[in-house]
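Residue numbers (my numbering): 1001 to 1465. For every residue, glycine included, the Cβ atom is placed at its ideal position computed from N, Cα and C. Because the structure is a prediction, the values reported are computed rather than measured. Below you'll find the structure, written out as structure tokens, and then a few comments.
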């Protein structure tokens, strides 16, 4: 039974990968640790439940990775997807630390599966969790509990008592009232504000009402809002986020990874005017899949359609929802109330612009269009083999990038630029330090694991001192 009357060395707010890495790291250094998870036990873990892999630097192939992925290459990939909008010192520090995380996370009970082939092209760069994110999460919880970390579920934090950069206590909802929890140090690992539609609406306007939330409905940003209101320095653009195109038929919250579509590079994408609006073959999919949520968000009514033919139907991973099928492009248009004549012209213009090449989805191949705007620079093949298929997609928000600014010790920085006395942050709540914009597969878990371990270690040492 959790004793809320005692004073803990480390209070961790959050219940996902970053929080558990922090809790385990602190506990292994002898600190007493309490984890407050706002969700019920069944839904514990935030967005970690829906993850599959982590991107870590490594110098050679392993049993689970097909080749080396150097720190320099990781940095170049991060630089490319963010367009340079990243804190280089923190990013390079994270990348260097990620090399050890591959092994450290295994020591906490997590297991990897053999390298993944198929259309994601991640067998060399990303390690996949055996059993997926929930299995990874369960392993971390089991280790934390065996070490003596105390965990409380349904633990909604109502307020934080902070005095001049020093955390004193947290007020916790208890029945119709509240109770106070005190600790020597705080680790905030409570995610972003993606599930707070009202907050999203402040930056996106009415378009936010059409967003779907891929992950947990419990990431409403309340802890982030409290910290920023109490003097912590913010980082990141509130309109930037990890957002992918997910099936428009998905639930409003918690649809997870099975609602994501990886079929974009095998067809074309049109808006509800039946017009293409972006290069579907710009780069290797793991480096570009997370731009499509924002691209769709900018379209009329925040809706788009991935269109392809029967020749590629088995070329990508299937999703929870089957594609809509039709014997002609005009019939397909009718099923989505699109202008049939416009869609037929869009497809015809695309087909006419395709130039022959050797198709290979694992590299930047030479299958491209010519004289078409926007172009399709790779993997362009004519859409001409009936039946035809389409997926309706909407923006699927994974997590937001507005967060708390931290240093290399994962210590929060205050608005005056000074480090907080005893407050640390890890995971999505501080991801904006590394991710100014853009995304590449697995980086969110890297941020959580690396800075979680650092935050826990630093919090334990702070409490001891």
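Minimum Cα-Cα distance from residue 1223 among the listed residues 1308, 1003, 1039, 1159 corresponds to 1159. Between residue 1368 and residue 1361, the CB-CB gap reaches or exceeds 8 Å. Distance check between residue 1430 and each of 1394, 1450, 1035 places 1450 closest, using alpha-carbon atoms only. Per the coordinates, the alpha-carbon of residue 1070 lies some 35 Å from the alpha-carbon of residue 1149. Judged by DSSP in its simplified three-state form, residue 1450 adopts helix. As a beta-bridge residue in DSSP terms, residue 1174 pairs with 1177. Annotated three-state conformation of residue 1206 is helix, per DSSP. Residue range 1007-1013 is occupied by the beta strand (DSSP E) that includes residue 1011, with no alpha helix (DSSP H) assigned at that position. The segment 1227-1239 makes no contact with the segment 1275-1285, as fewer than three CB pairs between them are under 8 Å. Where residue 1054 is concerned, the enclosing beta strand (DSSP E) starts and stops at 1053-1055. According to DSSP, residue 1112 shares a beta bridge with 1129. Put simply, of 1034, 1308, 1220 the residue whose alpha carbon is nearest the alpha carbon of residue 1193 is 1220.
Look at the segment 1233-1302 and you find these whole runs of beta strand (DSSP E), each 3 residues long or longer: 1241-1247, 1268-1271. Under the three-state reduction of DSSP, residue 1086 is assigned to coil, being neither helix nor strand. In the DSSP annotation of this structure, the continuous segment of the alpha helix (DSSP H) that includes residue 1350 starts and ends at 1340-1353.
Put simply, of 1326, 1097, 1330 the residue whose alpha carbon is nearest the alpha carbon of residue 1410 is 1097. The way I'd put it, the segment 1458-1465 does touch the segment 1018-1028; three or more beta-carbon pairs between them come closer than 8 Å. One alpha carbon belongs to residue 1112, the other to residue 1046, and they sit about 21 Å apart. In this chain, residue 1422 is not harboured by any alpha helix (DSSP H); it is covered by the beta strand (DSSP E) spanning 1419-1425. Following the DSSP letters along the chain, one finds residue 1390 inside the beta strand (DSSP E) bounded by residues 1388-1400. Of all C-beta pairs linking the segment 1001-1016 to the segment 1032-1049, three or more are shorter than 8 Å, placing the two stretches in contact. For residue 1150, the three-state secondary structure derived from DSSP is strand. In the same chain as residue 1443, and ignoring 5 residues on each side of it, the C-beta atoms closer than 6 Å to its own belong to 1055, in chain order. Counting other Cβ atoms within 10 Å of its Cβ, residue 1251 stays below 16 and is therefore classed as exposed.
Note: residue 1189 is not bridge-paired with any residue in the DSSP secondary-structure output. When beta bridges are read from the DSSP output, residue 1045 appears opposite no residue.
Spatial neighbours of residue 1420 in its own chain (CB-CB distance under 8 Å, excluding positions within 5 residues in sequence) are listed in chain order as 1165, 1166, 1167, 1232, 1411, 1412, 1413, 1414. Between the alpha carbons of residue 1266 and residue 1053 lies a gap of roughly 23 Å. Look at residue 1160 here: in three-state DSSP terms it is strand. Taking each of 1354, 1353, 1333 in turn and checking the Cα distance to residue 1344, the smallest one comes out for 1333. The alpha carbon of residue 1064 has as its nearest neighbour, out of 1130, 1316, 1225, the alpha carbon of 1130. An exposed status is given to residue 1146, since fewer than 16 other beta-carbon atoms sit within 10 Å of its beta-carbon. The C-alpha of residue 1080 lies about 14 Å from the C-alpha of residue 1087.
Counting only the Cα atoms, residue 1218 lies some 22 Å from residue 1405. Residue state for residue 1061 is assigned as coil, using DSSP reduced to three classes.
As a beta-bridge residue in DSSP terms, residue 1308 pairs with 1389.
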